[in-house]
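First the structure, in the form of structure tokens, and then the observations on it.
Numbering (the working numbering), first residue to last: 1353 to 1577.
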């Protein structure tokens, strides 16, 4: 399967505005335990499945001052829910007197109508936006691709039962926007806010950019690269 990823250019006096797109191999996870075997892809099942667990960094200047990272992953019996596990610094859990079993609870933050095949996130934080500190993410399903924003829940604390992040759905893109072809891979630009590349099953690559599309107050057709 062809995979697409945005690559940040090396620092130069002049930085081109076009990001490079390259083909990459899927990541692997090592087996553990006495029956350890060869490495296996850390991917969901299915012919066009991708990564379904990612680490997400949070803006420590807003909201969750002690929590800087969470694990976002597909969960549930059908893997149709988006789950989040807060990753607290050791100093915070020690000061709160929490045991290991108390500090890694999972929270469900969004639910979809079919299994999640791929999750992609960007390290770019939207400090200048109204929802400052948000992180953009893409959730790809069998027939649709969802663009969402994650932002810190001000009600959350180390001993709280509320979710550490909240989700805002920005756009829902389906195969009608890609010449009727199913989406088989996605990637997010690490240098531009919510700029997403989508690969269709015919090998076409499409681009969607939230900052441009939302200014028009409508979801425009994707631009084919």
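Virtual Cβ for every residue (Gly too), placed ideally from N, Cα, C.
Asked	Found
Within 7 Å, strictly: CB atoms of residue 1488 and residue 1408	no
Rounded straight-line distance, which links the Cα of residue 1425 to that of residue 1461	10 Å
Proximity to residue 1528 [Cα-Cα], best of 1517, 1539, 1544, 1552	1552
Among 1524, 1465, 1555, 1422, the one whose alpha carbon lies nearest that of residue 1500	1524
Residue 1539 versus residue 1563 - alpha carbon distance	16 Å
Simplified DSSP assignment, three categories, for residue 1493	coil
Top-ranked residue by Cα proximity to residue 1406, from 1434, 1429, 1554	1434
Among 1504, 1457, 1430, the one whose alpha carbon lies nearest that of residue 1513	1457
Exposure label - residue 1431; buried when at least 16 CB within 10 Å	buried
Nearest to residue 1429 (by Cα), restricted to the options 1464, 1555, 1506	1464
Nearest neighbour of residue 1497, chosen from 1427, 1410, 1559 [CA to CA]	1559
Reduced DSSP secondary structure (H/G/I, E/B, other) of residue 1462	strand
Start and end residues, beta strand (DSSP E) containing residue 1535	1535-1540
Burial state of residue 1475 (16 or more Cβ within 10 Å)	exposed
Sub-7 Å separation of residue 1490 and residue 1468 beta-carbons	no
Which of helix, strand or coil DSSP assigns to residue 1529	helix
Through-space distance from residue 1534 to residue 1495, alpha-carbon basis	6 Å
Closest by C-alpha distance to residue 1471, when choosing among 1526, 1427, 1459	1427
Between the CA atoms of residue 1441 and residue 1371 - distance to the nearest angstrom	Bear in mind that a pLDDT of 31 at residue 1371, under 50, signals an unreliable position, so the model cannot answer this.
Contacting residues, own chain, Cβ-Cβ under 6 Å from residue 1459 (five flanking each side not counted)	1436, 1515
Beta-carbon spacing of residue 1466, residue 1493 below 7 Å	yes
Inter-residue spacing [alpha-carbon to alpha-carbon] between residue 1532 and residue 1508	42 Å
Residue 1554 burial status per 10 Å Cβ neighbour count (16 or more: buried)	exposed
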